[in-house]
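Q: In the working numbering, the protein residues as written are 69 to 785.
Where is the CB? At the ideal position from N, CA and C, for every residue including glycine.
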Amino acid sequence: MSGLYIALIHVHGLTRGTAPELGRDADTGGQTKYVLELARALAGHPDVERVDLITRQVIDPKVDPIYGQPIESIAENAYIVRLPFGPRRYLRKEKLWPHLDSMADKALKHIRETGRVPDVIHSHYADAGYVGARLAGLLGVPQIHTGHSLGREKQRRLLDQGVDAHVIQKQYNIHLRIEAEEAAMDSASLVIASTRQEVENQYSLYDNYHPRRMVVIPPGIDLSRFGPPRGPLQPVPIRCELNRFLRHPGKPIILALSRADERKNIRTLVRAYGENAALRDMANLVIIAGNREVVGEMERASRQVLTALLMDIDRYDLYGRIAYPKHHTADDVPELFRLAARSHGVFVNPALTEPFGLTLIEASASGLPVVATEDGGPRDIIANCRNGLLIDPLDAGAMGEAILSALSDRRRWRDWARNGLRGVRRHYAWQGHVENYLKAVRRLVGSRHRARLVRRTKTRLLTVDRLVVCDIDGALLGDREGLNQLMERLGSEDRVGFGIATGRRLKSALKAIRDNGIPMPDLLITGVGTEIFYRKQHSEDREWQRHICYRWEPERLRRAMKEIPGVRMQPKEEQCPCKLSYLVDPDTAPRPADVVRYLRSLDLHASVVYSHQAYLDLLPIRASKGQALRYLGAKWGIAPEQMLVAGNSGNDVEMLRGDTLGVVVGNRSRELRQLEGEPRIYFAEAPYAWGVLEGIDHYNFLAGGQVSSSGDEKGAA
Ligand code: GLC
């Protein structure tokens, strides 16, 4: 294969190729549509060989069985790939966080099965950003990230509205979301934004605000679907539907189309219409607010919006003038825009904020002028297309007047309709988007060496099908009798490899092994995952070293760390080429998260690992014990679910998470509390090696290879 292979990651919502259920719920909307169209548009380009849109597999009687299908072709060379991770049922995006490490593991497996490493990984939204960062880091391919909507902006908005910080955290898991976004930007070579404003006002809220790595490429639209009305009026189904509501269906249509979300501010539009007699007389109002069955049974947020809508219709007595159909399909949408255009109507987007506003472009492409909130997206679009007016979304009176004026001047209306058609072709066609996109991708791909998942070293790892990996201090060592028993059990298993993952350096790890009579492990991960050695003459995996040094600037980091109170460097023997280690005074040092923030603000990127309430390690963002293990697994063909890993402190977190079978021994340090309740992490009662043995039994790891992953259930609820 010679063309580009692009992997798009889009985690949440329900994504299918035919008749995507846009607006079905809060997680299936503009972004879903964007990634589907991007996938198709990219696949249609001659330089692109294959596009995988990687998402979540959902097997749930409440949703279409297609969402359970592992692969769906959506165009020539473009596929939706659905990976099973976490519980099978549909989950809203706020519930997916504990399962994302598993998604990264499943994605890696998919890539192994396809036999080709993508040239670029493009993540969409925070959840995919997290998965993408792990995957890109592991494979050594560039990551592109598109935020779509940003956690810090959402947090700011909610705080402005007076919502309590704890409530925001509880309802939206906002801290995880923001950290995922920061992690994506640590790793991403490029961030794609839709508007200038998004870069300047929203991304600037992040520690990782480095505008030189950001480009503005507005999304494109599918011009084969959205176009102006042609020929005589057809009895399309949605028109019949509207006619059920409207007394004078021939009047101009004021069209609004969005999810039933409070932020979309449909309510003010209804007020603007209801309180403006001239407008009420002149035009009909058509509100398309998602699909619904029974309002009373919908989720709370949509239920509230729709209830308010129904009550306002009654309050302003809008019967016969307003249509608010229960159902519409994706195919109805272009028809709706055309109907409104034909009626000499207007499209209104009254959202409280609008970072982009794809519907505005669709309206413009249909020859329908627009009236929209004065915010980043509409501002850019109306500046490019010169086809409408900007409004203050909070001022119902002015909104009504603006709509009335847009409808009243026929000549201007025609100019706007024409300008919109032209402007969209020039600025918002997918073709142009894809050209700009590929230009950026070629620059990234050209400058990087690709990871090769090849086997060069001779090791026993080729012949094992399972692996037990333990930390040394606190997991293997601590109780002599426990250690002996563990070694005896492992020694009798031919097909089970044994590895060590430690914060120590090789020399000190070997000493501990010798002093305690531990048999030589098949692999040694040392320096908190920054070095990998194989048993044979302790040969080092140099590829790993080369691979992890991405964005690693030890000199600058060392200088920056000098400014931080309460930390001092550990002795020289503890420092590695890719690990800077400090001793921490917990009373005077800042929290590790604040150290990360400080470094990011200097455009320095490191994972900061806190262990035993006393040590602080700085590692390259691609390195950790967990990433090292996955790299090894990919290289030697051992899947994470075939690995049992045991540890007791902060530097073990990454290897305990995800699809590996995690065991936290009884003598754990406080930092591991964060893992409580996570899937596939077993908290043993017994300390030291006894705890590892307990974990082995818990998972039934050695008995005949029938591994049980009963830890799954814990986090699944
Ligand atoms: C080991 C290492 C030390 C590191 C610590 C935590 O004790 O020797 O350098 O800081 O593990 O990872």
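Buried or exposed for ASP385, going by 16 or more other Cβ atoms inside 10 Å?
A: exposed
Q: Can you give me the C-alpha to C-alpha distance between LEU506 and HIS113, rounded to a whole angstrom?
A: Approximately 9 Å, taken between the alpha carbons.
Q: Report the three-state DSSP secondary structure of GLU162 (helix, strand or coil).
A: Three-state DSSP puts GLU162 in a helix.
Q: Near ALA464, what residues of its chain come up, given a Cβ to Cβ distance below 6 Å and the 5 sequence neighbours on each side ignored?
A: THR336, ARG339 and ALA340
Q: Quick one: Cα of PRO660 to Cα of GLN229, how far?
A: 30 Å
Q: What does a CB cutoff of less than 7 Å around THR527 pick up in its chain, not counting 5 residues either side in sequence?
A: ASP590, TYR602, ARG603 and LYS604
Q: Quick check: is any heavy atom of the ligand GLC less than 8 Å from the C-beta of LEU724?
A: For the ligand GLC, not one heavy atom lies less than 8 Å from the Cβ of LEU724.
Q: Leaving out five residues on either side along the sequence, give the residues of the same chain with a beta carbon under 8 Å from the beta carbon of GLU367.
A: ASP93 and ALA94
Q: Over what stretch of residues does the beta strand (DSSP E) that includes LEU323 continue unbroken?
A: 321-325
Q: Would you give the residue range spanned by the alpha helix (DSSP H) that TYR193 belongs to?
A: 193-207
Q: Looking at the unbroken beta strand (DSSP E) that takes in MET637, where does it start and where does it end?
A: 635-637
Q: Can the beta-carbon of ARG410 be found closer than 9 Å to that of LEU301?
A: yes
Q: When we look at the beta-carbon of GLY745 and count the other beta-carbons within 10 Å, is it buried (16 or more) or exposed?
A: exposed
Q: Buried or exposed: where does PRO423 fall if 16 or more other Cβ atoms within 10 Å of its Cβ makes it buried?
A: So PRO423 counts as buried.
Q: Using the rule of at least 16 other Cβ atoms within 10 Å of the residue's Cβ for burial, across every protein chain shown, is TYR767 buried or exposed?
A: buried
Q: Quick one: does the C-beta of GLY571 sit closer than 8 Å to a heavy atom of the ligand ADP?
A: You won't find the ligand ADP in this model; what it holds is the ligand GLC.
Q: Using the DSSP secondary-structure output, state which residues sit across from THR594 in a beta bridge.
A: GLU599
Q: Look at the alpha carbon of LEU740 and the alpha carbon of ARG307, and state the distance between them as a whole number of angstroms.
A: Computed Cα separation, rounded: 59 Å.
Q: Any heavy atom of the ligand GLC within a distance shorter than 8 Å of the CB on GLU786?
A: Residue 786 is absent from the structure shown; the chain starts at 69 and stops at 785.
Q: Looking only at DSSP bridge pairs, what is LYS647 linked to?
A: CYS644, per the DSSP bridge assignment.
Q: If I measure Cβ to Cβ from LEU314 and keep anything under 6 Å in the same chain, skipping five residues before and after, which residues do I get?
A: ASN352 and ALA391
Q: Answer with buried or exposed for ASN17, where buried requires no fewer than 16 other C-beta atoms within 10 angstroms of its C-beta.
A: Nothing about residue 17 can be reported from this structure: the residues present for the chain run from 69 to 785 only.
Q: Out of LEU489, HIS680, ILE593 and ARG690, which has the shortest C-alpha to C-alpha gap to TYR198?
A: ARG690
Q: Among PHE405, ARG494, CYS538 and LEU323, which has the Cα closest to the Cα of ARG389?
A: LEU323
Q: Relative to the alpha-carbon of ILE142, which residue among ARG160, TYR240, LEU110 and GLN638 has its alpha-carbon at the smallest distance?
A: LEU110
Q: Please return the same chain residues whose Cβ sits closer than 6 Å to the Cβ of GLY773, not counting the five positions on each side in sequence.
A: Because GLY773 sits at a pLDDT of 49, beneath the cut-off of 50, its placement in the model cannot be relied upon, and the following sentence gives the value as read from the coordinates. If we look at GLY773 and ignore the five residues flanking it on each side, it has no Cβ neighbours.
Q: Can you tell me whether ARG524 is buried or exposed? The criterion is at least 16 other CB atoms within 10 Å of its CB, across all chains shown.
A: Note that ARG524 scores a pLDDT of 49, beneath 50, so its modelled location is shaky; the value from the coordinates is reported in the next line. Its Cβ having fewer than 16 others within 10 Å, ARG524 is exposed.
Q: Exposed or buried, what is GLU249 when buried is set at 16 or more other beta-carbons lying within 10 Å of its beta-carbon?
A: buried
Q: Is it true that the segment 393-400 meets the segment 352-364, where meeting means three or more beta-carbon pairs spaced less than 8 Å apart?
A: With contact defined as three or more Cβ pairs closer than 8 Å, the segment 393-400 and the segment 352-364 are in contact.
Q: Quick check on the burial criterion: 16 or more other C-beta atoms within 10 angstroms. Buried or exposed for LEU535?
A: buried
Q: With H, G and I counted as helix, E and B as strand and the rest as coil, what does DSSP make of LEU521?
A: Because LEU521 sits at a pLDDT of 46, beneath the cut-off of 50, its placement in the model cannot be relied upon, and the point is left open.
Q: So PHE405 is in the alpha helix (DSSP H); what residue range does that whole segment cover?
A: 400-410
Q: If contacts are defined as beta-carbon pairs under 8 Å, then LYS177 and ALA707 qualify, I think. What distance do you get, rounded to the angstrom?
A: 6 Å
Q: Does ARG150 come out as helix, strand or coil in the three-state DSSP assignment?
A: Under the three-state reduction of DSSP output, ARG150 falls in the strand class.
Q: In this structure, does DSSP put GLU422 in helix, strand or coil?
A: coil
Q: Is it the case that the segment 472-491 contacts the segment 434-446, given that we only count it when at least three CB pairs across the two stretches are under 8 Å?
A: yes
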